[in-house]
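Peer 1: Just so we're on the same page, the working numbering is the position in the sequence shown counted from 1, plus 40.
Before I ask anything, let me first share the structure, which is written out below as structure tokens.
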Amino acid sequence: MPVYKAPLEDMRFVLHQLFDSNEVTALHGNEEFTPELIDSVLEEAAKFSEGVLFPLNQSGDLEGCTYENGVVRTPAGFKDAYKAFCEGGWTAMGADPEYGGQGLPIPAAMMVEEMLCSANVAFGLYPGLTHGAYLALKHAGSAEQKQMYLPNLVSGKWSGTMCLTEPHCGTDLGMLRTRAVPNDDGSYSITGNKIFISAGEHDLTENIIHLVLARLPDAPAGVKGISMFVVPKFLLREDGSLGPRNGAQCTAIEHKMGIKASATCAMSFDGAKGWLVGEPHKGMRAMFVMMNTERLSVGIQGLGVAETAYQNAVAYARDRIQGRSLTGVKAADKQADPIMVHPDVRRMLLTMRAYIEGCRALAGWVARELEILAKSTDEDARQAADDFASLMTPIVKAMFTDLGFEIASLAVQTYGGHGYIRDHGIEQYVRDARISMLYEGTNGIQALDLVGRKLPQDGGRLLTRFLDPVLEFIEAHEDNEALAEFLPPLQQALEHVQVATGYIMENAMSNHDEIGAASVDYLRLFGLTALAFVWARMVAIAAPKAEGEDAQFYRAKVQTAKFFMQRLLPQTGALLAAIQSGSATMMEFEDSAF
41 MPVYKAPLED
51 MRFVLHQLFD
61 SNEVTALHGN
71 EEFTPELIDS
81 VLEEAAKFSE
91 GVLFPLNQSG
101 DLEGCTYENG
111 VVRTPAGFKD
121 AYKAFCEGGW
131 TAMGADPEYG
141 GQGLPIPAAM
151 MVEEMLCSAN
161 VAFGLYPGLT
171 HGAYLALKHA
181 GSAEQKQMYL
191 PNLVSGKWSG
201 TMCLTEPHCG
211 TDLGMLRTRA
221 VPNDDGSYSI
231 TGNKIFISAG
241 EHDLTENIIH
251 LVLARLPDAP
261 AGVKGISMFV
271 VPKFLLREDG
281 SLGPRNGAQC
291 TAIEHKMGIK
301 ASATCAMSFD
311 GAKGWLVGEP
321 HKGMRAMFVM
331 MNTERLSVGI
341 QGLGVAETAY
351 QNAVAYARDR
361 IQGRSLTGVK
371 AADKQADPIM
381 VHPDVRRMLL
391 TMRAYIEGCR
401 ALAGWVAREL
411 EILAKSTDED
421 ARQAADDFAS
431 LMTPIVKAMF
441 TDLGFEIASL
451 AVQTYGGHGY
461 IRDHGIEQYV
471 RDARISMLYE
481 GTNGIQALDL
491 VGRKLPQDGG
501 RLLTRFLDPV
511 LEFIEAHEDN
521 EALAEFLPPL
531 QQALEHVQVA
541 TGYIMENAMS
551 NHDEIGAASV
561 DYLRLFGLTA
571 LAFVWARMVA
581 IAAPKAEGED
591 AQFYRAKVQT
601 AKFFMQRLLP
611 QTGALLAAIQ
621 SGSATMMEFE
631 DSAF
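Structure follows, in structure tokens:
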């Protein structure tokens, strides 16, 4: 059977030591969130994730959701777990107290989210989509809409969705056909079909609030003609109670490779009553509040699945005996040595560990900046935080999910043939991880966003929000003996980023295909360099503590950092070479030869 234990020690290290949680506490509205209170929240989240959600993960995958006559039922145990989730206040965790939320700082909320994804990523999608809908309505909704919908979304009594994709268009929403015709009472009649709608129908909540993209009759063509509407499953009476069923219907659920306990629905809107959210033709702006949040959350999904896959690979490598160590017998009392003695198994385990702990640290950095953006009263600090979060969003979404899938695959490899068998439960993590590379904008789209939009934005200002702290750190620690073997590889990787950036910007002016050809390799190059920076920062904290209390934890940090710098970071050189090869090899290939 699979195992999972929340990595609380590492989470506390990131929150309190790597990124001083007292700086977050000092922000307006966060005064009560002391490190001690945050730790208690994490401990309770760990208990719920390990004891309630994780036991449902494998059974939920085996049973999946069922569909009959427009009704979707979640797997056994999900309704009780969701009720307990709401009663525990977890749906309200990161929401504004004005609407019944708890206002937990984003860095702590992101750690809780990781636990949910590690324990049961399919379950986590239901409240995750609701929080995204909450954010979009909070940002763009009218005062009346906020009062009408947000308290019940925050409490978990209702859930939310985002309805973008249509059968004929995925990423290219400019082709969207769903129509919104004005009614005399100020509402709109919404007609059209949407697909791939996570949590579009289920039995966990009494109402589902759909945020639907559609076109008004006078809408201009393309993405500039898209508006956003709130379309409840059940209409509301004047007193706020549930009224008749709206014209929104689930017509099918998808039979998927993974996340089978998450209902992925085809939705039909047949004259459904909806209300405009925000301004006409500005729906993409409002929806992107939700989408950007979801992209960060999807990155955390990749991290969460990777953590559980790693823990199971370690457990198996300790117990499974096979062959003898190349340097002599290590377990003389057994027929063979545990497979953990073999260099290639250790390579896989350390690769997983180095990526996971690096990604968790990078997520902590992004989360801190998002908290500054949300609550700081310093406009310059908020602008810098917004720039940094915008720059890093595609990297977190794409790199974390790429690595999540790679790590899950490495976990299966650690098990050998047994990993391919359903009974062990490890193959589920490969299947569950794969979707995160696709939804909320495929990872190729994230790479194009990074290179085509974020790099040139405001004359490269966003890029400096990353480069400046790295250069300042290197300069400040150039005489730090503990970092002597870590700074040179970081400097080299940073040079690779700078050279690659210059190459792309120069050549893209004459040939835009250079952006697309370089984008995926550039995102990985940038992401690896960001991981190198947070690893160097972690060493600066851990090295002086490697002989004191909790010495093993800090020694492991330094040793994992060495592995990352020496075995994984050198990829940046190959990525730079690939980028500099240009677009010709792929674009000059004859179409008819494929």
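Heads up, the beta-carbon is just placed ideally off N, CA and C, and yes, glycines get one too.
Model, not experiment: these values are computed from the prediction.
Assuming M268 is part of the beta strand (DSSP E), what are its boundary residues?
Peer 2: 267 to 272
Peer 1: Among the candidates G398, L144, P47, whose CA atom is the shortest distance from the CA of I78?
Peer 2: L144
Peer 1: The beta strand (DSSP E) that contains M202, what's its start and end?
Peer 2: 198 to 203
Peer 1: Using DSSP with H/G/I as helix, E/B as strand and the rest coil, what is I466?
Peer 2: coil
Peer 1: In or out: P383 buried (at least 16 other Cβ within 10 Å) or exposed?
Peer 2: Exposed: under 16 other Cβ atoms inside 10 Å.
Peer 1: Quick check: what's the CA-CA separation for A372 versus A591?
Peer 2: 29 Å
Peer 1: Which of the three DSSP states, helix, strand or coil, is assigned to A473?
Peer 2: helix
Peer 1: Please report how far the alpha carbon of H171 lies from the alpha carbon of T131, in whole angstroms.
Peer 2: 8 Å
Peer 1: Would you tell me roughly how many angstroms separate the C-alpha atoms of D225 and T291, rounded to the nearest one?
Peer 2: 28 Å
Peer 1: E628 to T600, Cα distance in whole Å?
Peer 2: Going by the C-alpha atoms only, they are around 42 Å apart.
Peer 1: Take the Cβ of A516 as the centre, count every other Cβ of all protein chains shown within 10 Å, and call the residue buried at 16 or more, exposed below.
Peer 2: A516 comes out exposed.
Peer 1: Measure how close the beta-carbons of M380 and A357 come, nearest whole angstrom, since I'm counting them as under 8 Å.
Peer 2: 4 Å
Peer 1: Measure from the alpha carbon of A220 to the alpha carbon of each residue in Q289, G311, H250, D420, then state which is nearest.
Peer 2: G311
Peer 1: Do you know how far the Cα of G164 is from the Cα of K437?
Peer 2: Roughly 17 Å between the two C-alpha positions.
Peer 1: Which residues does DSSP pair with H250 in a beta bridge?
Peer 2: T201, V271
Peer 1: Taking the DSSP output, what are the residues bridged to D64?
Peer 2: What sits at residue 64 in the sequence shown is Val, not Asp. Beta bridge pairing from DSSP links V64 with no other residue.
Peer 1: At the level of alpha carbons, what is the spacing between L102 and T211?
Peer 2: 31 Å
Peer 1: Return the chain-ordered list of same chain residues with a C-beta closer than 6 Å to the C-beta of I555, the five sequence neighbours on each side being excluded.
Peer 2: Here I555 has V491, G492, A548 as same chain residues with Cβ atoms under 6 Å from its own Cβ, once five neighbours each way along the sequence are excluded.
Peer 1: What residue from T245, S80, Y395 has the CA that sits closest to L568's CA?
Peer 2: Checked all of T245, S80, Y395; the closest Cα to L568 is Y395.
Peer 1: Helix or strand or just coil, what does DSSP make of M307?
Peer 2: Here M307 sits in strand by DSSP.
Peer 1: Do you know how far the Cα of K602 is from the Cα of F526?
Peer 2: Distance between the alpha carbons of F526 and K602 is about 7 Å.
Peer 1: Buried or exposed: which applies to R474, given that a residue is buried once 16 or more other Cβ atoms fall within 10 Å of its Cβ?
Peer 2: buried
Peer 1: Do Q620 and Y543 come within 7 Å of each other at the CB atom, strictly closer than that value?
Peer 2: yes
Peer 1: Once DSSP output is grouped into helix, strand and coil, what is the label at L144?
Peer 2: coil
Peer 1: Could you give the residue range of the beta strand (DSSP E) that holds I230?
Peer 2: 228 to 238
Peer 1: Measuring only the C-alpha atoms, how far is N286 from G196?
Peer 2: 20 Å
Peer 1: In chain order, which alpha helix (DSSP H) runs of at least 4 residues are fully inside the stretch 89 to 143?
Peer 2: 94 to 103, 118 to 127
Peer 1: Where do the N-terminal and C-terminal ends of the alpha helix (DSSP H) with T541 fall, by residue?
Peer 2: 527 to 548
Peer 1: Could you tell me the alpha carbon to alpha carbon distance between E246 and S430, rounded to whole angstroms?
Peer 2: 35 Å
Peer 1: In angstroms, rounded to a whole number, what distance separates the CA positions of E154 and S365?
Peer 2: 36 Å
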